[in-house]
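Sequential numbering from 8 applies to the sequence shown in the working numbering.
In what follows, a single structure is set out as structure tokens and then discussed.
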Amino acid sequence: MAANQGERTRRRLSTEERREQLLTVGARLFSEDPYDDVLIEQVAEIAGVSRGLLYHYFPTKRDFFAAVVERESERMLRMTEAVPGVPAREQLAVALDTYLEYVHSHAHGYRAFHRADAAGDQTVRRVYQRALAAQERQILAALAADPEFGPAVAERPDAKLAVRGWLAFTTAVCLEWLRGPELGREQVRDLCARALLGVLSP
Numbered sequence: 008m009a010a011n012q013g014e015r016t017r018r019r020l021s022t023e024e025r026r027e028q029l030l031t032v033g034a035r036l037f038s039e040d041p042y043d044d045v046l047i048e049q050v051a052e053i054a055g056v057s058r059g060l061l062y063h064y065f066p067t068k069r070d071f072f073a074a075v076v077e078r079e080s081e082r083m084l085r086m087t088e089a090v091p092g093v094p095a096r097e098q099l100a101v102a103l104d105t106y107l108e109y110v111h112s113h114a115h116g117y118r119a120f121h122r123a124d125a126a127g128d129q130t131v132r133r134v135y136q137r138a139l140a141a142q143e144r145q146i147l148a149a150l151a152a153d154p155e156f157g158p159a160v161a162e163r164p165d166a167k168l169a170v171r172g173w174l175a176f177t178t179a180v181c182l183e184w185l186r187g188p189e190l191g192r193e194q195v196r197d198l199c200a201r202a203l204l205g206v207l208s209p
């Protein structure tokens, strides 16, 4: 009886609800294990669906991983969204704390994402580029609205390039930090904050 009830519950999920369920399972597994160690059969078993149904939503494992990364990137953008009226310096420290906590908690997925981009995988590269562009826009908007940095950002044609370079710097620092954290999280946060504020200070 319980098994039949479970089957009925699973069938009641809408397409979007089922997709979200699969992505939630994927986010957990990719954060716990390296990409190559996560099996589609494992995802399907945890979600209580057939492997065929999972492939109906995501044609390949790489497509599934890319969808997980895109969902997590959107989640990170929401978590680090600027708060109107709060100074940029203060918001940067809080956003970096959130970001570094995410990097540490999802180390395998973070590494796999950046390895896949470096390897030239086009599916993940597109997700990667969209995520970077969204982060770049969010940071520039927060700086432009800040009384301290807004005028300087508006007058500098290289502000966008500086933010893009800072994102690459922060990624490199985080990947190195995950290899063997010689610095504590607060030190990494302060290093990354200084790098951005230093290059953009009026």
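Each residue gets a CB set at the ideal place from its N, CA and C atoms; glycine is no exception.
Can the beta-carbon of Asp104 be found less than 7 Å from the beta-carbon of Arg201? no
Expressed to the nearest angstrom, what Euclidean distance is found between the alpha-carbon atoms of Leu182 and Glu77? 19 Å
Let me confirm a value: Leu30 is counted as buried when at least 16 other C-beta atoms fall within 10 Å, else exposed. Which label applies? buried
The alpha helix (DSSP H) spanning Thr130 covers which residue range? Gln129 to Ala151
With distances taken from CA atoms, which of Gly187, Val170, Leu20 and Ile53 is nearest Arg35? Ile53
Around the Cβ of Gln142, are there at least 16 other Cβ atoms within 10 angstroms (buried) or fewer (exposed)? buried
Taking Asp40 as the reference, give the member of Ala73, His115, Asp165 and Leu60 with the closest Cα. His115
Can you look up Ala89 in the DSSP assignment and give me helix, strand or coil? coil
Going by the CB atoms, is the gap between Phe156 and Leu207 shorter than 7 Å? yes
Please report how far the alpha carbon of Gly7 lies from the alpha carbon of Ser21, in whole angstroms. Any property of residue 7 remains undetermined from this structure, which presents the chain solely from 8 to 209.
In this structure, does DSSP put Asp40 in helix, strand or coil? coil
What is the C-beta distance between Leu61 and Val50, in whole angstroms, given that I count them as a contact (C-beta under 8 Å)? 6 Å
Can you give me the C-alpha to C-alpha distance between Ala151 and Tyr64, rounded to a whole angstrom? 40 Å
Are the CB atoms of Ser38 and His113 nearer to each other than 7 Å? yes
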